[in-house]
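Trainee: Counting along the sequence shown from 1, when you hit position 10 you're at 15 in the numbering used here, and nothing is skipped either side. Virtual Cβ for every residue (Gly too), placed ideally from N, Cα, C. Note that the structure is a prediction, hence the values are computed from the model and not measured. Let me give you the structure first, and then I'll get to my questions.
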Amino acid sequence: MSGEFDQAKGRAKQVVGDLTDDDEMKAEGKADEAGGKLKEKFDDAVDAVRDKLDR
């Protein structure tokens, strides 16, 4: 859930950066979105390991 939120926050920052021509805001948005994707992948991996251990 946190990863999805970070991705949405990142996309929003990118849009604001585009509208205001703020390159720093766009870069922050890209970083937030990438971090959110990474969190989501990590959480998926943790869930997969837990599923294997529960069997």
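For the putative contact between Lys-18 and Gly-34, defined by C-beta atoms under 8 Å, what is the C-beta separation to the nearest angstrom?
Mentor: With a Cβ gap of about 3 Å, Lys-18 and Gly-34 count as contacting.
Trainee: Taking just the CA atoms, how far does Ser-7 sit from Gly-22?
Mentor: Rounded to the nearest angstrom, the two C-alpha atoms are 22 Å apart.
Trainee: Please name the residue, chosen from Ala-50, Asp-48 and Leu-43, that lies closest to Gln-12 on a Cα-to-Cα basis.
Mentor: Ranking the options by Cα distance to Gln-12, first place goes to Leu-43.
Trainee: Report the three-state DSSP secondary structure of Met-6 (helix, strand or coil).
Mentor: It is coil, neither helix nor strand.
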